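Engineer: In the working numbering, each residue's number is its place in the sequence shown (first place is 1) plus 2.
Input: one structure, supplied below.
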Amino acid sequence: MGPDEHGRIVMEGYNKIARNYYSDRNLFKNEKEIQEFISHLPENGTILDIGCGCGFLVLRKLIDKGYHTKGIDFSKGMLEIAKQNVPEAELILGDITKTDFEPGSFDGIVSTYAFIHIFRTQHPWLYKKIFDWLKSGGIMLVSTACNEWEEVSEYYGAPMAWSHPASRESLQLVNNTGFEVVFERTVTTCDETHYWILAKKPEV
């Protein structure tokens with residue numbers, strides 16, 4: 003299976019499960035990681051949330067602190083909920099692997115629980131694009147997986163696809179892209195364990 007078919011399964015899956023996912027996933031706060039990300043942002047900065055979903059995990063927190071926000075997700079069902087949760091955000095219906103922004107557009111870029119659904123061969127490219135989209139000194143927060151895995155299985159009653167490298171490879175990709183790692187850690191939330199990386203684009 004290639005990245006296009008993989009992406010189609012993910013998109014259709016989230017369109018089907020959006021309401022149930024939203025009801026359950028709002029228990030995933032990850033306040034510590036998100037607050038550390040926010041601590042590196044300039045006042046009134048512009049932030050991109052990749053795979054923003056329903057908007058409650060990150061966008062709502064950023065908007066409440068006065069940041070200018072953009073969220074992108076390719077699930078129409080998830081964005082319909084996001085419009086209710088974060089009407090102030092600029093929401094984009096689109097596939098991040100087929101989207102581009104001007105270099106230096108953002109002070110911060112965050113992606114929580116989305117990289118695990120992006121086909122693993124696209125991860126190096128996406129880290130490079132994030133690096134390019136960030137301003138000098140910009141900050142990135144990403145959650146991904148601890149172990150290498152590629153599978154299609156049932157998730158909230160619908161087919162869902164995962165594809166990701168192990169944490170060591172993800173960290174190597176981030177370092178090779180040119181980021182300066184602020185922290186990397188495994189975090190368990192609601193019986194799920196993910197690998198988080200906070201990294202900074204060097205100032206020039």
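Where a beta carbon is used, it is the ideal one built from N, C-alpha and C, also for glycine.
Please read these numbers as outputs of a predicted model, since none were measured by experiment.
Could you pull the start and end residues of the alpha helix (DSSP H) that Glu205 belongs to?
Structural biologist: Residue mapping note: residue 205 aligns to position 203 of the sequence shown, counting from 1. Premise fails: Glu205 is in no alpha helix (DSSP H) and is neither H nor E.
Engineer: Assuming Arg122 and Asn87 form a contact by the criterion Cβ under 8 Å, report the distance between their Cβ atoms to the nearest whole angstrom.
Structural biologist: Locating residue 122 in the sequence shown gives position 120, counting from the first residue. Locating residue 87 in the sequence shown gives position 85, counting from the first residue. Not quite, the Cβ-Cβ distance comes to about 30 Å (not below 8 Å), so this is no contact.
Engineer: Go ahead and pull the three-state DSSP assignment for Val189.
Structural biologist: Here residue 189 is taken as the residue at index 187 of the sequence shown, counted from 1. Correct three-state label for Val189: strand.
Engineer: Alpha helix (DSSP H) containing Ile98: first to last residue?
Structural biologist: Indexing the sequence shown from 1 puts residue 98 at position 96. Note, Ile98: premise wrong, no alpha helix (DSSP H); not H, not E.
Engineer: Is the beta carbon of Gly55 sitting closer than 9 Å to the one on Ile83?
Structural biologist: Within the sequence shown, the letter at position 53 stands for residue 55. Within the sequence shown, the letter at position 81 stands for residue 83. Going by C-beta atoms, Gly55 is nearer than 9 Å to Ile83.
Engineer: Would you check if the distance between the CB atom of Gly159 and the CB atom of Ile19 is smaller than 9 Å?
Structural biologist: Here the question's residue 159 lines up with position 157 in the sequence shown. Here the question's residue 19 lines up with position 17 in the sequence shown. Cβ atoms of Gly159 and Ile19: closer than 9 Å.
Engineer: Does the beta-carbon of Trp151 have 16 or more other beta-carbons within 10 angstroms, so that it is buried, or is it exposed?
Structural biologist: Sequence index remark: in the sequence shown, residue 151 carries index 149 (1-based). That one is exposed.
Engineer: Measure the alpha-carbon distance for Val60 versus Gln37 and round it to whole angstroms.
Structural biologist: The residue labelled residue 60 in the question sits at position 58 within the sequence shown. The residue labelled residue 37 in the question sits at position 35 within the sequence shown. In a straight line, the C-alpha of Val60 is about 10 Å away from that of Gln37.
Engineer: Using DSSP with H/G/I as helix, E/B as strand and the rest coil, what is Ser77?
Structural biologist: Here residue 77 corresponds to residue number 75 of the sequence shown, with the count starting at 1. In this structure, Ser77 counts as coil in the three-state DSSP scheme.
Engineer: Which residue wins for smallest C-alpha separation from Arg21, given the options Glu153, Phe58 and Asp51?
Structural biologist: Your numbering for residue 21 matches position 19 in the sequence shown. That would be Phe58, whose Cα lies nearest to the Cα of Arg21.
Engineer: Assuming contact is defined by CB atoms lying nearer than 9 Å, are Ile74 and Leu50 in contact in what I supplied?
Structural biologist: Counting from one through the sequence shown, the residue named residue 74 turns up at place 72. Counting from one through the sequence shown, the residue named residue 50 turns up at place 48. Cβ distance < 9 Å, so Ile74 and Leu50 count as in contact.
Engineer: Taking buried to mean at least 16 other C-beta atoms within 10 Å of its own C-beta, is Phe185 buried or exposed?
Structural biologist: One-based indexing of the sequence shown puts residue 185 at position 183. Counting Cβ neighbours within 10 Å, Phe185 comes out exposed, since fewer than 16 surround it.
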